[in-house]
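**Q** My questions all concern the structure below.
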Amino acid sequence: MESRLTVSSSPHIRSTETTQKIMRDVTIALLPAAAFGVYNFGLRALTILVLSIVSAMAAEALSQKIRKVPITVDDFSAVVTGLLLGMNLPVSVPLWLPIVGSAFAIIIVKQAFGGLGHNFMNPALAARAMLVASWPVEMTTWTAVKADAVSSATTLGILKEGLNVPVPSITDALLGTIGGCIGETSALLLLLGGIYLIYRGVISIRIPGLYIGTVAILTFIITGFDVQTTMLHVLAGGLILGAFFMATDYASSPITAKGQVIYAIGMGVITVVIRMYGGYPEGVSYSILLMNVVAPLIDKYTKPRVFGGAK
Amino acid sequence: MGLLTFKGGIHPPHAKKATEHLPIVDFLDPKVVEIPMRQHIGAPCEPVVQKGDYVKVGQLVGSASSFVSANVHSSVSGTVLDVKKQDTAYGYDVVVIIENDGLNEVHESIVPQPDFNTLSGKEIIEIIKNAGIVGMGGAGFPTHVKLSPPPEKPIDTIVLNGAECEPYLTCDHRLMLETPDLVIKGLQILMHALNVPNGYIGIENNKPDAIETMTKAASGTGIKVVGLRTKYPQGAEKQLIFACTGKEIPSGGLPMDIGVVVNNVATVATIGNLFNTGMPLIERICTVTGKGIKTPKNIRFKVGTPVKTLIEFCDGYNGTPGKLLLGGPMMGVAQMTDNLPAMKNTSGVLVFTPEEAKLPEPSLCIRCGKCVSTCPAFLEPIQISAYALQNNYDKASEYNALDCIECGSCSFVCPANRPLLQTIRVAKREIIAKKRK
Ligand code: SF4
Ligand code: SF4
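Residue numbers (my numbering), protein chains in the order written: chain H, 1 to 311; chain U, 1001 to 1437.
In structure tokens form, the structure reads like this:
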């Protein structure tokens, strides 16, 4: 028996948590809101989601093959990227668009920088930003939720432009029977997914809580304490989806506790500034991407105080 | 008393069920003992017996060669078969092999000590030093060294570690249940020796019976028994002191820097026994357990008993063993063979099945930050490890690699199975080597 004893350095036990389980949990958490998107926008939404997921997985396998690294499509991380991208698209986009987006997200943003954990921006969001810049019309054409409605601006668009259309109710915003990207409309189901992730220990409340909180407080103050508008800003745009599922992307957010606080508040401020004073009705994507870029810097300046170090 | 704890840490499965309710069983007549000359941190002992000598229980067989070292004594009576080098948990080292004649003839020098209250601190520490007492929690640091702080570092608190936060191990738990008075007596002796007013015994709250028993035993002594949250590494020196007293040992410092001395409950019980009977450290309790063991047990054994013999006493291996550890699964050391002696600091013999022994495949770090939020030393294991892998030890040092207490929480928690602690250890070694230059 002697030679068969394994000798390795401590610790000799590992938690059962794996990358795969974490990514699978994120997928599970996104599914209810995605399913609602399909219910809300019809079968075309399903086609888009499937296309973006499958092309993300294919792009992952292909680029890993070219990079001659182990192919890890089964770790669910490409699934998450593809799903997130699909959920961030309007339902009316041409069907080649999710494919281009997923390929960009995986090949350029993720694999070119070294693969999982090495992307400095959230791949799905970076891809979305690229799509908006390249195909602005396709990316901002909103289809009506209900077949008979004519216009279909997003809620935040209506608020921003002061369009002469009725503003959706808070209940609609909560349930998600409003216009927007496929997966961003149901605040309720997204919150449910977020709570699931917190319960599973995949994310902590720190980033989404502070991000959403900052947006809420600033909007409340700027709108002169308008509860209705504030609620819509929190619920109706991409904030919930962004705060729970994209701002918390491990690779592109700070790892220190203090760093995460700065990062989250930073995103909140930028989002509100873009929404209130910028040219776009929505600011979640750009604020996350901007803070992604400075995350390494934040990490560098927020090293935790070592145990027994000066307070 | 509220539940005290520290920040960070992990919750590994306890795996204590197999043995926590099993009373300690004696295995005190091994045929042969192999007594290593080095069973502690510090210089090895010089053997003072030769092949053919007749030795008695408690007789000195290895003499400490410097201050940071600890005497070793015979744990049986019988004939010295050989003095030679062989495998030990500390490497290929000199051992004194004694054939047990089973008579347990006690050496003349072994007589009960006088009442400790009549002794000075110096005298007590000298007795402890002569008896070869070392930290029995795992590290094996000579106890008399810990008890001899420089005069400019006055000690006001002694904390006993009864946390037993390592999964699987239950020997300290059983010891506290079965011989609480020895623990209290030992602690009183140390408090008297160092003239210290505060004594704490920290116990994790997954051992409510031990907390109760020790509280009862401590009543009227002024010693405080503290229930600690069950969390690993609750028994790590710095974390234990923080939980019991709220004080942080400065980075790079020792407990004595804040006036504290920490000892394991088993060490202190041995000191209690030493003053009762005069017997040096020749016996201890260990937990032999794991899925790879047929009948797990808490065993009182003679120092130098071959690990193989202890395993046979537990009805042997359960199938083919995959991994053999001395100590617990978080900080224990994997051995290449069972053909080595159990020592003063062998708190556990843990055997994994081949399935459990499989090494996890590391994958890419996903930067989840779990290693950072669990590190009880508040380090960023991911960064230290990454720099270590690039051989950039200056950067690793900047990230306070030397403050790592090697608890293994980071490696445990990492979903990508990164070899974090393993690489941090390399960095520590390199940084220390560079400092020496
Ligand atoms: S726990 Fe592992 S995967 Fe997570 S940040 Fe640390 S090293 Fe990376
Ligand atoms: S870095 Fe060291 S102290 Fe921190 S968790 Fe890892 S092993 Fe423990």
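For every residue, glycine included, the Cβ atom is placed at its ideal position computed from N, Cα and C.
So with Cβ pairs under 8 angstroms, would you call A59(H) a contact of chain U?
**A** By this cut-off, A59(H) is not an interface position.
**Q** Do you know whose CA, among F1242(U), C1371(U) and Q1113(U), lies nearest P1255(U)'s CA?
**A** The shortest C-alpha separation from P1255(U) is found at F1242(U).
**Q** Are at least three pairs of beta-carbons, each pair with one atom in the segment 1344-1364 of chain U and one in the segment 1316-1329 of chain U, less than 8 angstroms apart?
**A** Yes: at least three Cβ pairs fall under 8 angstroms.
**Q** Let's see if you can read the secondary structure: which residues bound the alpha helix (DSSP H) around T155(H)?
**A** Start and end: T155 to E161.
**Q** Give me the pocket residues for ligand 2, defined as CB within less than 7 angstroms of any heavy atom, sorted by chain position.
**A** Result: C1371(U), T1374(U), C1375(U), P1376(U), A1377(U), L1379(U), P1381(U), I1384(U), C1404(U), I1405(U), E1406(U), C1407(U), G1408(U), S1409(U), C1410(U), S1411(U), L1420(U), L1421(U) and I1424(U).
**Q** So what's G176(H) in DSSP terms, helix, strand or just coil?
**A** In this structure, G176(H) counts as coil in the three-state DSSP scheme.
**Q** Quick check: is any heavy atom of ligand 1 less than 7 angstroms from the C-beta of A1416(U)?
**A** Within the cutoff, so yes.
**Q** Can you round the beta-carbon distance between G179(H) and T154(H) to whole angstroms, since I take them to be within the 8 angstroms contact cut?
**A** The Cβ separation is near 5 angstroms, so the contact holds.
**Q** Does the distance between the C-beta of V26(H) and the nearest non-hydrogen atom of ligand 1 fall short of 7 angstroms?
**A** No, since every heavy atom of ligand 1 falls outside the 7 angstroms radius drawn around the Cβ of V26(H).
**Q** Going along the chain, which residues of its own chain have a beta-carbon closer than 8 angstroms to the beta-carbon of H118(H), five neighbours each way excluded?
**A** K110 and A251.
**Q** What residue range is occupied by the uninterrupted beta strand (DSSP E) comprising I1097(U)?
**A** Here the beta strand (DSSP E) through I1097(U) covers G1091 to N1100.
**Q** If the cut is a Cβ gap below 7 angstroms, which residues of chain U does R44(H) touch?
**A** By Cβ distance, chain U contributes nothing, its closest Cβ being about 33 angstroms from R44(H), past 7 angstroms.
**Q** Taking only beta carbons into account, state which residues of the segment 290-310 of chain H come closer than 8 angstroms to chain U, listed in chain order.
**A** Residues passing the 8 angstroms Cβ filter: K303, P304, R305, V306, F307, G308 and G309.
**Q** For the beta strand (DSSP E) containing Q1086(U), name the first residue and the last one.
**A** Residues G1078 to T1088.
**Q** Cβ-heavy atom distance between G1369(U) and ligand 1 below 7 angstroms?
**A** It does: the Cβ of G1369(U) is within 7 angstroms (strictly closer) of some heavy atom of ligand 1.
**Q** For V284(H), which residues from the same chain have a beta carbon less than 7 angstroms from its beta carbon, with the 5 sequence-adjacent residues on both sides left out?
**A** Hits under 7 angstroms: G237, G238, L239, G242 and T271.
**Q** For N88(H), I'd like the list of residues in its chain whose CB is within less than 8 angstroms of its CB, leaving aside the five on either flank, ordered along the chain.
**A** Excluding positions up to five away in sequence, the list reads A124, L125, R128, C181, I182, G183, E184, G238, L241 and S285.
**Q** Going by beta carbon distance, what residues of the same chain come within less than 8 angstroms of P1013(U), once the five residues before and after it are set aside?
**A** Here the set comprises P1167.
**Q** What does DSSP give as the partner residue(s) for Q1335(U) in the beta ladder?
**A** According to DSSP, which records beta bridges pairwise, Q1335(U) is partnered with L1324(U).
**Q** For the 8 angstroms Cβ check, are there 3 or more pairs between the segment 1027-1041 of chain U and the segment 1058-1076 of chain U?
**A** With the cut-off at 8 angstroms, the segment 1027-1041 of chain U and the segment 1058-1076 of chain U touch.
**Q** State the DSSP-derived secondary structure class of G1304(U), mapped to helix, strand or coil.
**A** G1304(U): coil per DSSP, three-state reduction.
**Q** Contact between the segment 1256-1267 of chain U and the segment 1135-1154 of chain U: three or more CB pairs below 8 angstroms?
**A** Yes, since at least three Cβ pairs between the segment 1256-1267 of chain U and the segment 1135-1154 of chain U fall closer than 8 angstroms, the two stretches touch.
**Q** Note down, in chain order, all residues in the segment 8-24 of chain H with a beta-carbon under 8 angstroms from any beta-carbon belonging to chain U.
**A** Result list: S8, S9, S10, P11, H12, I13, R14, S15, E17, T18, T19, K21 and I22.
**Q** Identify every residue that forms a DSSP beta bridge with G194(H).
**A** None, per the DSSP bridge assignment.
**Q** When DSSP builds the beta bridges, which residues end up paired with G213(H)?
**A** DSSP lists no partner for G213(H).
**Q** Which of helix, strand or coil does DSSP assign to C1244(U)?
**A** Three-state result, C1244(U): helix.
**Q** Would you grab the beta carbon distance between V1096(U) and I1035(U) for me? Rounded to a whole angstrom, and I think it's under 8 angstroms.
**A** So it is a contact: roughly 5 angstroms between Cβ atoms.
**Q** Relative to the alpha-carbon of L188(H), which residue among A35(H), I53(H) and T16(H) has its alpha-carbon at the smallest distance?
**A** Ranking A35(H), I53(H) and T16(H) by Cα distance to L188(H) puts A35(H) first.
**Q** Determine the DSSP secondary structure at K1273(U), reduced to helix, strand or coil.
**A** Here the sequence assigns Asn to residue 1273(U), which means Lys is not the residue at that position. N1273(U) falls in the helix class under three-state DSSP.
**Q** Spell out whether any CB of chain U is found under 8 angstroms from the CB atom of L30(H).
**A** By this cut-off, L30(H) is not an interface position.
**Q** When you measure from the CB of I1366(U) to every non-hydrogen atom of ligand 1, does any distance come out below 7 angstroms?
**A** At least one heavy atom of ligand 1 is nearer than 7 angstroms to the Cβ of I1366(U), so yes.
**Q** Exposed or buried, which one is G1002(U) when buried takes at least 16 other CB atoms within 10 Å?
**A** Because G1002(U) carries a pLDDT of 48, less than 50, the predicted location of this residue cannot be relied on, and no value is offered for it.
**Q** With a CB to CB cut of under 7 angstroms and the five nearest residues on each side skipped, what residues in its chain are close to A147(H)?
**A** Because the pLDDT at A147(H) is just 44, under 50, the model does not fix this residue reliably, and the value given afterwards should be weighed accordingly. Contacts found: none.
**Q** Enumerate, from N- to C-terminal direction, the unbroken alpha helix (DSSP H) stretches of 4 or more residues contained entirely within the segment 1010-1078 of chain U.
**A** Runs of the alpha helix (DSSP H) inside the segment 1010-1078 of chain U: 1017-1020.
**Q** Any C-beta of chain H sitting closer than 8 angstroms to the C-beta of M1176(U)?
**A** Not one chain H Cβ lies under 8 angstroms of M1176(U).
**Q** Taking 8 angstroms as the CB-CB cut-off, is C1365(U) touching chain H?
**A** Chain H contact via Cβ: present.
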